[in-house]
Ligand code: UD1
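In my numbering, the protein residues as written are -15 to 341.
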């Protein structure tokens, strides 16, 4: 029996593959590599010494995806795949609705057909919109403020309805706060295409000399120093959270929602200082206008995940900075060696390119 991991080559997906393999799970990755590189999976194999079956296909291609269900014994699905750039989602909302929502429906239909009713879904703290109070609990009001966030919220609602229609399902929705950091090996990490939108990848690109200076979006928020506060969580802690969530999903039924964060908030200036202290690299910055749609403060109450999943984030902001920097400094251009799918280093992986009929 295997765990199907959609979007397994991405930032959170690849780190989760490592933790699943370390726990002895057999995994099958489905990815279209639209925003990730197969090389990340080469490296997952290198780190773990384990085997992954990889299908290079688009989840919108339901016929090919069905073959994956037909020829494998799948026990559960962890669904990471999806588009995630807020700005792009505003410019091209249909692309986001089609990709994120349609693919989730296709997967759930196939899961239902093949009686695989165990699902862990990647949601986001974005569903809390601009929170009125912190820390944010799973019961705090939800409100999407852009199409990307709306896709996450709509999918959460679709999954709730799915359970109502068939209560054999076991669905766990994980609302991530701000994942940063990288695997401590420095072999895998975040590899955004183009200029990064998010804070830590921007900082590391400045540190490595590819961008001139960080722009800090606003310094007049009601926070410790006027800059925005977020709950940064080490991606390895987040990945481990998926293993705990999967274990519980396999044993129960129902729909459960958990915040995955640390419960601590750091301002942008505090992150910059932590990065400089952890790495010894100075980050030049200038203060600019606030970014539209940014909350002042956002951090989680994580007690539900602690109590019910027995999971807690363990790594510090220093670990996050050190590990982000190790990845970026060892791989200044990310996964440049685009070794793709024919490379013999994939010897421990098996790659199937699904034939197009
Ligand atoms: C962003 C998305 C959110 C998404 C999350 C995924 C927006 C408005 N929000 O969250 O929907 O779920 O990424 O990881 O895009 N900052 C700077 N300069 C920068 C980049 C960021 O000052 O160049 C500040 C931001 O104003 C914010 C903090 O750093 O206060 C974190 O920003 P970011 O890493 O983009 O995460 P979020 O805005 O929390």
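Virtual Cβ for every residue (Gly too), placed ideally from N, Cα, C.
Sub-7 Å separation of residue i and residue j beta-carbons
| i | j | result |
| --- | --- | --- |
| residue 252 | residue 277 | no |
| residue 52 | residue 35 | no |
| residue 80 | residue 163 | no |
| residue 83 | residue 42 | no |
| residue 243 | residue 122 | yes |
| residue 88 | residue 226 | no |
| residue 307 | residue 193 | no |
| residue 207 | residue 247 | no |
| residue 143 | residue 232 | no |
| residue 215 | residue 297 | no |
| residue 8 | residue 65 | no |
| residue 234 | residue 102 | yes |
| residue 50 | residue 94 | yes |
Distance cut-off 6 Å: residue i Cβ against heavy atoms of the ligand UD1
| i | result |
| --- | --- |
| residue 342 | What is shown of the chain runs -15 to 341, which leaves residue 342 out entirely. |
| residue 178 | no |
| residue 175 | no |
| residue 137 | no |
| residue 70 | yes |
| residue 219 | no |
| residue 216 | no |
| residue 20 | no |
| residue 252 | yes |
| residue 108 | yes |
| residue 275 | yes |
| residue 212 | yes |
| residue 183 | yes |
| residue 278 | yes |
| residue 83 | no |
| residue 294 | no |
| residue 162 | yes |
Residues of its chain near residue i, where Cβ-Cβ distance is below 6 Å and the 5 sequence neighbours each way are ignored
| i | result |
| --- | --- |
| residue 10 | -14 |
| residue 127 | 113 |
| residue -2 | 24, 28, 172 |
| residue 268 | 197 |
| residue 68 | none |
| residue 175 | 318, 319 |
| residue 70 | 130, 132 |
| residue 202 | 274 |
| residue 327 | Because residue 327 carries a pLDDT of 48, less than 50, the predicted location of this residue cannot be relied on, and no value is offered for it. |
| residue 299 | 218, 221 |
| residue 265 | 191 |
| residue 256 | 267 |
| residue 305 | 258, 259, 262 |
| residue 46 | 90 |
| residue 228 | 293, 295 |
Own chain, CB closer than 7 Å to residue i, minus 5 neighbours either side, in chain order
| i | result |
| --- | --- |
| residue 115 | 124, 279, 282 |
| residue 348 | Because the chain here runs from -15 to 341, residue 348 falls outside it and cannot be looked at. |
| residue 330 | Residue placement at residue 330 cannot be trusted, given a pLDDT of 44 that sits under 50; what the coordinates show is reported in the next sentence. Contacts found: 26. |
| residue 129 | 113, 114, 277 |
| residue 134 | 128 |
| residue -7 | 13, 15, 17, 20, 21, 22, 24, 25 |
| residue 236 | 154 |
| residue 180 | 186, 189 |
| residue 30 | 171 |
| residue 72 | none |
| residue 210 | 203, 204 |
Cβ-Cβ separation, residue j to residue i (assumed contact under 8 Å), whole Å
| i | j | result |
| --- | --- | --- |
| residue 120 | residue 284 | 6 Å |
| residue 172 | residue 24 | 5 Å |
| residue 104 | residue 4 | Actually they do not touch by this definition, with Cβ atoms about 11 Å apart. |
| residue 54 | residue 14 | No, residue 54 and residue 14 are not in contact; Cβ-Cβ is about 14 Å, not under 8 Å. |
| residue 170 | residue 311 | 5 Å |
| residue 90 | residue 44 | 7 Å |
| residue 177 | residue 19 | 7 Å |
| residue 272 | residue 200 | 7 Å |
| residue 59 | residue 111 | That pair is no contact at about 27 Å. |
| residue 161 | residue 109 | 5 Å |
| residue 2 | residue 167 | 7 Å |
| residue -4 | residue 106 | 7 Å |
Heavy atom of the ligand HEM within 6 Å of residue i beta-carbon
| i | result |
| --- | --- |
| residue 186 | With respect to small molecules bound, the structure shown includes the ligand UD1 and not the ligand HEM. |
Same chain, Cβ closer than 8 Å to residue i, five either side skipped, listed in chain order
| i | result |
| --- | --- |
| residue 86 | 44 |
| residue 117 | 124 |
### Task
Could you pull out every unbroken alpha helix (DSSP H) segment of at least 4 residues lying fully inside the stretch 151 to 198, listed in chain order?
Whole alpha helix (DSSP H) segments, 4+ residues: 183 to 191.
### Message
To test your reading of the DSSP string, which unbroken alpha helix (DSSP H) runs of 4 or more residues are found completely within the stretch -2 to 62?
### Response
Counting only runs of 4+ residues, the alpha helix (DSSP H) found wholly inside the stretch -2 to 62 occupies 23 to 32, 46 to 55, in chain order.
### Query
Which runs of the alpha helix (DSSP H) fall wholly inside the stretch 64 to 90 and span at least 4 residues, in chain order?
Counting only runs of 4 or more, we get 70 to 75, 77 to 80.
### Length-filtered (4 minimum) alpha helix (DSSP H) runs lying within the stretch 194 to 259
You should have 219 to 235.
### Task
Just list the alpha helix (DSSP H) runs in the stretch 263 to 316, keeping only unbroken ones of 4 residues or longer that don't cross its boundaries, in chain order.
List check, alpha helix (DSSP H) in window: 287 to 293, 301 to 314.
#### Entry: Inside the stretch 127 to 151 only - alpha helix (DSSP H) runs reaching at least 4 residues
131 to 149, all fully within the stretch 127 to 151.
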